[in-house]
Each structure stands twice: as structure tokens, then as C-alpha cells.
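Novice:
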Amino acid sequence: MSSNNRAFQGFGKPIDATRCAELQARYMQQWQELWDQAQRGALPPPQDRRFADAAWQSNPTALFNAHIWQLSVQAMNEMLDSMELEAPQRERLSFSMMQWAEAMSPSNYLMLNPQALQTMMDTGGQSVLEGMSNFMDDWQKGRLTQTDESQFQLGKNVGATPGAVVFQNDIFQLIQYAPTTSMVHAVPLLIVPPCINKFYILDLQPENSFVRHALDQGLTVYLMSWRNPQPNDAAHIHALSWQDYLEQGVLEAIRVSQELSGQEKINTLGFCIGGTLLASALALARDKGQDPAVSMTLLTTMLDFTDVGMLNVFIDEAQVAFREWQLGQGGLLNARELASTFSFLRPAELVWNYVNSNYLQGKKPPAFDLLYWNSDGTHLPGPFFTWYLRNTYLENRLVQKGGVPVGAHRADLSQLDLPVYLYGSKEDHIVPWQSAYASLQALPAAQHRFVLGASGHIAGVINPPAKQRRNYWVLQDGEPVATLDAQQYMERAQSVPGSWWSDWIAWLAPLSGSRRRAKRRLGHARYPVLEDAPGSYVKVRAS
Numbered sequence: 027m028s029s030n031n032r033a034f035q036g037f038g039k040p041i042d043a044t045r046c047a048e049l050q051a052r053y054m055q056q057w058q059e060l061w062d063q064a065q066r067g068a069l070p071p072p073q074d075r076r077f078a079d080a081a082w083q084s085n086p087t088a089l090f091n092a093h094i095w096q097l098s099v100q101a102m103n104e105m106l107d108s109m110e111l112e113a114p115q116r117e118r119l120s121f122s123m124m125q126w127a128e129a130m131s132p133s134n135y136l137m138l139n140p141q142a143l144q145t146m147m148d149t150g151g152q153s154v155l156e157g158m159s160n161f162m163d164d165w166q167k168g169r170l171t172q173t174d175e176s177q178f179q180l181g182k183n184v185g186a187t188p189g190a191v192v193f194q195n196d197i198f199q200l201i202q203y204a205p206t207t208s209m210v211h212a213v214p215l216l217i218v219p220p221c222i223n224k225f226y227i228l229d230l231q232p233e234n235s236f237v238r239h240a241l242d243q244g245l246t247v248y249l250m251s252w253r254n255p256q257p258n259d260a261a262h263i264h265a266l267s268w269q270d271y272l273e274q275g276v277l278e279a280i281r282v283s284q285e286l287s288g289q290e291k292i293n294t295l296g297f298c299i300g301g302t303l304l305a306s307a308l309a310l311a312r313d314k315g316q317d318p319a320v321s322m323t324l325l326t327t328m329l330d331f332t333d334v335g336m337l338n339v340f341i342d343e344a345q346v347a348f349r350e351w352q353l354g355q356g357g358l359l360n361a362r363e364l365a366s367t368f369s370f371l372r373p374a375e376l377v378w379n380y381v382n383s384n385y386l387q388g389k390k391p392p393a394f395d396l397l398y399w400n401s402d403g404t405h406l407p408g409p410f411f412t413w414y415l416r417n418t419y420l421e422n423r424l425v426q427k428g429g430v431p432v433g434a435h436r437a438d439l440s441q442l443d444l445p446v447y448l449y450g451s452k453e454d455h456i457v458p459w460q461s462a463y464a465s466l467q468a469l470p471a472a473q474h475r476f477v478l479g480a481s482g483h484i485a486g487v488i489n490p491p492a493k494q495r496r497n498y499w500v501l502q503d504g505e506p507v508a509t510l511d512a513q514q515y516m517e518r519a520q521s522v523p524g525s526w527w528s529d530w531i532a533w534l535a536p537l538s539g540s541r542r543r544a545k546r547r548l549g550h551a552r553y554p555v556l557e558d559a560p561g562s563y564v565k566v567r568a569s
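Its first residue numbered 27, the sequence shown is counted upward by one per residue in the numbering used here.
#1: Measuring only the C-alpha atoms, how far is Ala492 from Leu337?
#2: Compare the C-alpha of Ser461 against each of Gln55, Leu324, Asn160, Ala88 and name the closest.
#3: Pick out whichever of Gln96, Tyr515, Pro220 has its Cα sitting closest to the Cα of Met130.
#4: Going by the beta-carbon positions, is the gap between Tyr463 and Leu444 smaller than 9 Å?
#5: Please state whether DSSP places Ala42 in a helix, a strand or coil.
#6: Which term fits Trp9, buried or exposed, when burial requires 16 or more other beta carbons within 10 angstroms of its beta carbon?
#7: Look at the Cβ atom of Gln256, then the Cβ atom of Ser569, and state whether they are nearer than 9 Å.
#8: What do you get for Ser29, buried or exposed, if any count of 16 or more other CB atoms within 10 angstroms of its CB means buried?
#9: Have a look at Met322, Met209, Asn254 and flag the residue whose alpha-carbon is nearest the alpha-carbon of Cys221.
#10: Comparing C-alpha positions only, which one of Met328, Asp270, Lys224 sits nearest to Leu469?
#11: Please report the distance separating the alpha-carbon of Ile341 from that of Ser366.
#12: From Asp438 to Asp333, what distance separates their C-alpha atoms?
#13: So which of Ala344, Val210, Asn91 has the shortest CA-CA distance to Pro72?
#14: Counting only the same chain and skipping the five closest in sequence on each side, list residues whose C-beta sits under 7 Å from that of Gln467.
#15: At which residue ranges does the segment 246-278 contain complete beta strand (DSSP E) runs of 3 or more residues, listed in the order of the chain?
#16: Express the C-alpha separation of Gln115 and Arg32 in angstroms, rounding to a whole number.
#17: Opposite Arg542 in the DSSP bridges: which residues?
#18: Nearest to Arg372 by alpha carbon, out of Thr149, Trp126, Arg66?
#19: Under three-state DSSP, which class holds Ala68?
#20: Go to Thr412, then tell me how far its alpha helix (DSSP H) extends in each direction, as first and last residue.
#21: Within 10 angstroms of the Cβ of Phe348, are there 16 or more other Cβ atoms? Answer buried if so, exposed if not.
#22: Could you name each continuous alpha helix (DSSP H) segment of 4 residues or more that falls completely within the segment 346-379, going from the start of the chain to the end?
#23: Is the segment 397-416 touching the segment 222-238, taking contact as three or more C-beta pairs under 8 Å?
#24: Less than 9 Å between the C-beta atoms of Ala279 and Leu353, yes or no?
#25: Report buried or exposed for Ile41, applying the criterion of at least 16 other Cβ atoms within 10 angstroms of its Cβ.
#26: Please classify Asn183: does DSSP put it in a helix, a strand, or coil?
#27: Between which two residues does the beta strand (DSSP E) holding Phe476 run?
#28: For the alpha helix (DSSP H) that Gly301 lies in, which residues bound it at each end?
#29: Any heavy atom of the ligand COA closer than 8 Å to the CB of Val334?
#30: Specify whether the segment 165-180 and the segment 385-398 touch according to this definition: at least 3 beta carbon pairs, one from each stretch, less than 8 Å apart.
#31: Let me know if Arg475 comes out buried or exposed under the rule of 16 or more other beta-carbons within 10 Å of its beta-carbon.
#32: Excluding the five sequence neighbours on either side, which residues of its own chain have a C-beta within less than 6 Å of the C-beta of Val339, listed in chain order?
#33: Would you tell me roughly how many angstroms separate the C-alpha atoms of Asn382 and Gly486, rounded to the nearest one?
#34: Need the endpoints of the beta strand (DSSP E) that Gly189 sits in, please.
#35: Would you mind sorting Glu290 into buried or exposed? The rule is 16 or more other CB atoms within 10 Å of its CB.
#36: Hey, out of Ala311, Ala260, Leu249, Gly315, whose CA is closest to Gly296's CA?
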């Protein structure tokens, strides 16, 4: 075999030997250049915030290690780019390489981290003892501590907007919030939060509470608080299905909200998987001859699962079939497993950052309400989870012609000819904004509005107007969004400073009916107050 035809066998198709030799030669040349710079004391600061502390700059060996790590990661990525791979292979290999590379950063090891070593010297070794204590605490909890959890208490300084639980069943509690204005719109709003997390992401502290903001704009707000199933719950709780979450969950919440408000139709909002549940439930209602919603708002929601971003590395027939064998007939998907999956999508920020700070330097993380919420996960019933995994992520059946069967009926999204407000976050790593935008194509042309916010999956959504932070992009009024693809939308959309919340209120207000005097008494004879908000379901921690 001639040298021109030789190839190294890799993951997928062969890698050209000439290209490999070029990459190797360039790596060695760049390595030598870094060594020469190190000998002259001329290494620049690495372009990575984990090496920003002065301790790295003043330690030649550590500084060289940081540069070599960065060079090695770059070389690995160039090698991957040179391989001829199918998209799923490339995604999985890239994900695995990212995990290895992030784990190998010198900042993650005490003897290679000059900042941690300096802290150890400054504290006489106390930082190491504190780090060991932090590690043992996390070992017992089964997860990394990302914030000072002692500073938050549900119902006191998070999830504290006044209201009452007025209905509950085995799947959810319904909260009715107390009005904050003397006059309110006649048509209420029902919020369907994600069932894989707790609802209070939308009601953190007063200054960044989406719920409180909606109340302050004169909306009557109802909100679903999903049950957090526990290992010792009855068997039928572990066997709850997607159909149960639609019929006994979302549609039941809509029915009770209609009765409490006296309105035949209500406005609805779904966040993340809550939006997928909401759209499916409304489509199911249409198939049953019901039309309970004036409008639907979807926040960082996928209806079309063609592009699921980085989560695609976990999705194939073998993995889904294994989950169906494991959980399809009952049982619980542990909240820790979900949390770990999402954390390792961004390992530098959500894993190794805390290893460095909490364990190597013995620090306690600062109080941060969003990260407190992030640590408060929810178990999922196995049949619900496996249906969702196969029918959305694997087979993308929600957008297929005719919809997807749900019991004796079908959930056909093409029947949802109602006004829809869709929001996506530009830097979302869980629901790529282009996938949120693709929901437009799954819905019939109607009064639709798409808004693209800055930042990520959560921070983009929780952006109160008072802080005057970030921006959002939107088409000029009158320009048809449904005729544009995502790239065309981005080219034509105008950047608007501030929060998208104000844009949403301006869109929703005309759909919310006339104003009337607010009723101060919560619940009514058929649905008396069961307990104060935030209720008991949300306070159950994942065991």
C-alpha cells in the first residue's frame, strides 16, 4: 500500500494519514512555541476565565500547563473535524471529547491549581478540610451544591406570591393567586410549568417573579404545581402516563380554571415541557370537540423535535428501548439523573466550576435563587417519561400528519388555530431557538408572534423589565412570521432593548377581555381553599 493511500482507522470512516500527519506536526510546532515563550517568561494570559486569577499568571509551570491543555483541546477538535462521520456519530464523539477535556483541565486538580494551593497556604490547610467537608456533604446528598441553600425557604423568600391551593388530585395542585390590582381582566391565565422541575422558577423573589408581574398587569393567574412522585407512593402514581398528565393534569386544570373564573375560554401559557404538554392537551381537547383556550403562549418549547440540540447524544432506539424495558410499566426516573444530564451539557459551568470552588478551595457557594431552584428536581413516572422519550425525541410524532394517538383520541397540532405567542432564547442549550421557532410550522397559520430573547434557557425567560437588562428580537408589526425560516427571521428581526415581558403583556392584554373589579376572596363553594400557596406538593424534595 502506498503512503498516499494509507489511513488511520478511526471512529467512522478512515482518517487520511496525510491530514493526521499535518495535525501532529502543527501540534508539536505550537507546543514548541509555547515552550519557547515559557522559557522567556512571555506566555500571555489564557483566554479562559478559570485561569484568570493572578496565581496562574505568577506561576510559570501552571501557566504553561493551562496553555498546553488549551492547545490539546484545540488539537482534539481539529482531529474530530477531519473525520468523515455521520451526524449522530460526530455529536456523540464530540460530546465524549468535551467531557474528557473538561475533566482534564488542570484547574480541577489540587496540585495543578495554583489558586487552590495559594488558598491552602493562606488558610493553613483549613481550605482543604472545608473542601473535604463540602465533598462529604455533597456525597450524602448525591449532587453538587451550587448555591447556599440555607438562605432560601419556599413560601418565605422564594415562591412567596400570596395565593391559595383551590384544587388537587394525584397529579397536581392548582394555585389561584391573589390579585394585586383593584381591576382585573375577565379572562384568566393558566400557567403550565415544566413537570421535570418545580413551578417556582416563575415565582422566585418578588423582584424577578413572572407570576407577580402578570398579576401587577391586571391578570388573574392560576398555576399548576406538579406532584413530585416518591418511591413510597402507591403503584398507580408510578404508572402515570402521558395521557394521564394531559387528561387528569392540564385539561383538568383548564376545567377548574374555567369554573372558578366563570369564563368559557381562558388564556394559557406553557414553559418548556409544560408547553409541549399544553399544546398536546389543547389539541386533544379539539379532537374531543372542545375549544377551551383563547390563546396559547409557549416559552422555550419544542413541538417539532427534528433538532434537539446536544440532548441528541442520549437518544437512539437502543437507549429508548432500554428505558422502556426499565420503566415502561412503572417506576420512577430519578430527579438526580435528569439533573446530572442537564449539568453535563455544560460541564465547565455546572460541574467543574463547583469542584474547583467548593472542594479544592473549600468555599461555600453564594446564595442564588435560580440555582436553588435548579437543585430542587422532580422525579417522573416511568410510563410518562418513556412515552415522551419515544414519541417526541426519537420519533417526532407530534408534528406528523394526523397527530399522535392519545387513548381513543388524537392530539393533532394542526387543529390549533388560535393566537399563539412563542418565545425562544438565543443561547438555549436545551431547546435550540431554531427548534422553538419550528413550532410555527407545526401550527396552522393564525395570529402568531415569535420573540427571540437574549441569554439561555432559564435566564432568558426570567428577565423582569425593572432590571433593564438584555434585549430581544422581534419582527415589525404586520410582517408575517409564518412565511420565514429561522435564518430569515434573524435577518429581519429588530433588536429591542429590555425585557420581552412587556411585549408579551401588550400582545396578551387585548385577548384578556374587559376589566372588572377584582375578587379578593379566593376559591368558591365548590373549590374551597385547601391551603396557602405555594402548597404542599412543591415542598416535597426528591429523595
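We put the beta carbon where it would ideally sit given N, CA and C, even for glycine.
Specialist: Looking at the atomic coordinates:
#1: Going by the C-alpha atoms only, they are around 34 Å apart.
#2: Minimum Cα distance to Ser461 is reached at Leu324.
#3: When each option's Cα is compared against that of Met130, the closest is Gln96.
#4: The Cβ atoms of Tyr463 and Leu444 lie no closer than 9 Å to each other.
#5: Checking the sequence, you will find Asp at residue 42 rather than Ala. Of the three classes helix, strand and coil, the one that applies to Asp42 here is strand, per DSSP.
#6: Residue coverage of the chain in this structure runs from 27 to 569, which leaves residue 9 outside it and unanswerable.
#7: Cβ distance < 9 Å, so Gln256 and Ser569 count as in contact.
#8: Low local confidence applies: a pLDDT of 39 at Ser29 is under 50, so the model's placement there is unreliable, with the coordinate-based value given in what follows. Residue environment: Ser29 is assigned as exposed (fewer than 16 neighbouring CB atoms within 10 Å of its CB, all protein chains considered).
#9: The candidate whose alpha carbon is nearest that of Cys221 is Asn254.
#10: Of the listed residues, the one whose Cα sits closest to Leu469 is Met328.
#11: Straight through space, the alpha carbons of Ser366 and Ile341 are spaced by roughly 16 Å.
#12: Answer to the nearest angstrom: the Cα atoms are 20 Å apart.
#13: Pro72 has its Cα closest to that of Asn91, out of Ala344, Val210, Asn91.
#14: Within the same chain, Asp330 come within 7 Å of Gln467 by CB-CB distance, once the 5 residues on both sides are set aside.
#15: Listed in chain order, they are 247-252.
#16: At Arg32 the pLDDT is 36, less than 50, meaning the model places this residue with poor confidence and gives no usable figure here.
#17: Its beta-bridge partners are Val210.
#18: Out of Thr149, Trp126, Arg66, Trp126 has the C-alpha closest to the C-alpha of Arg372.
#19: Coil, per DSSP.
#20: 408-414 is the extent of the alpha helix (DSSP H) around Thr412.
#21: Phe348 is exposed by the Cβ-count criterion.
#22: Correct list: 361-369.
#23: In the pairwise beta carbon analysis, the segment 397-416 is classified as touching the segment 222-238: at least three pairs are separated by under 8 Å.
#24: Result no, Cβ atoms of Ala279 and Leu353 do not sit closer than 9 Å.
#25: Counting Cβ neighbours within 10 Å, Ile41 comes out buried, since at least 16 surround it.
#26: Three-state DSSP puts Asn183 in coil, outside helix and strand.
#27: That run of the beta strand (DSSP E) goes 474-479.
#28: First-last of the alpha helix (DSSP H) with Gly301: 299-313.
#29: Summarising the ligand content, the structure contains no ligands, and the ligand COA is consequently not present.
#30: Because the criterion of three Cβ pairs below 8 Å is met, the segment 165-180 and the segment 385-398 touch.
#31: Buried is the call here.
#32: Apart from the 5 residues on each side of it in sequence, Val339 sits with its Cβ closer than 6 Å to the Cβ of Glu117, Arg118, Phe121 in its chain, given in chain order.
#33: Distance between the alpha carbons of Asn382 and Gly486: 27 Å.
#34: First-last of the beta strand (DSSP E) with Gly189: 189-194.
#35: Glu290 should be labelled exposed.
#36: Of the candidates Ala311, Ala260, Leu249, Gly315, the one whose C-alpha sits nearest the C-alpha of Gly296 is Leu249.
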